[in-house]
Amino acid sequence: MGDKDSNMGCLSLILAILILGGATFFVMNLGKDKPTQQETVSVRDQLLPEVASWLEKHSYHGTPKAVTEMPDWAMGKRQTVTMSGASGIVDYIFYLQNDSVATVYKINPAGERTEVWRK
């Protein structure tokens, strides 16, 4: 009978280690998918001031998650911003003219542009 008690003791120890290990892993990874305040600030810091201002007024488009610099166009600057909102992850291209946002396009998964705002 001593062998069965010994085996049960080992199994209990192994089970306890697995449970503690799993709980530790879970607790350490709780907030990993949420952006940190520093990540959010750094994305906002990359926005052109005119784009940041436009997004504050039109916050229903979502939260900026990434910024992609683009070469200037004939009339001014432009910038692509990846947004996370009610409709999922969406890319928008902002065209600036005379230091203000002139046109905003939404890019669909096929790469086609749809105008969503014009000054």
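Going by the numbering used here, the first residue of the sequence shown is number 14, and it counts up by one from there.
Heads up, the beta-carbon is just placed ideally off N, CA and C, and yes, glycines get one too.
Local Cβ density within 10 Å of residue i, reported as buried at 16 or more and exposed below that
i	result
residue 57	exposed
residue 124	exposed
residue 128	exposed
residue 86	exposed
residue 118	buried
residue 73	exposed
Inter-residue spacing [alpha-carbon to alpha-carbon] between residue i and residue j
i	j	result
residue 77	residue 97	6 Å
residue 80	residue 69	16 Å
residue 120	residue 112	23 Å
residue 114	residue 122	23 Å
residue 102	residue 75	9 Å
residue 24	residue 30	10 Å
residue 116	residue 100	20 Å
residue 64	residue 26	58 Å
residue 55	residue 22	52 Å
Test item: CB-CB of residue i and residue j under 8 Å
i	j	result
residue 83	residue 93	yes
residue 106	residue 131	no
residue 89	residue 59	no
Residue i: first and last residue of the uninterrupted alpha helix (DSSP H) it sits in
i	result
residue 132	Here residue 132 belongs to no alpha helix (DSSP H), and DSSP marks it neither H nor E.
residue 65	62 to 70
Closer than 8 Å to chain B by CB, residue i
i	result
residue 92	Within the model displayed, chain B is absent; a lone protein chain is all it includes.
Limits of the unbroken beta strand (DSSP E) element including residue i
i	result
residue 109	101 to 110
residue 119	113 to 120
residue 123	No beta strand (DSSP E) holds residue 123; DSSP gives it neither H nor E.
residue 79	76 to 82
residue 12	As displayed, the chain neither begins before 14 nor continues past 132, which places residue 12 out of reach and without an answer.
Per DSSP, the bridge partner or partners of residue i
i	result
residue 22	The partner list for residue 22 (beta bridge, DSSP) is empty, contrary to what the question assumes.
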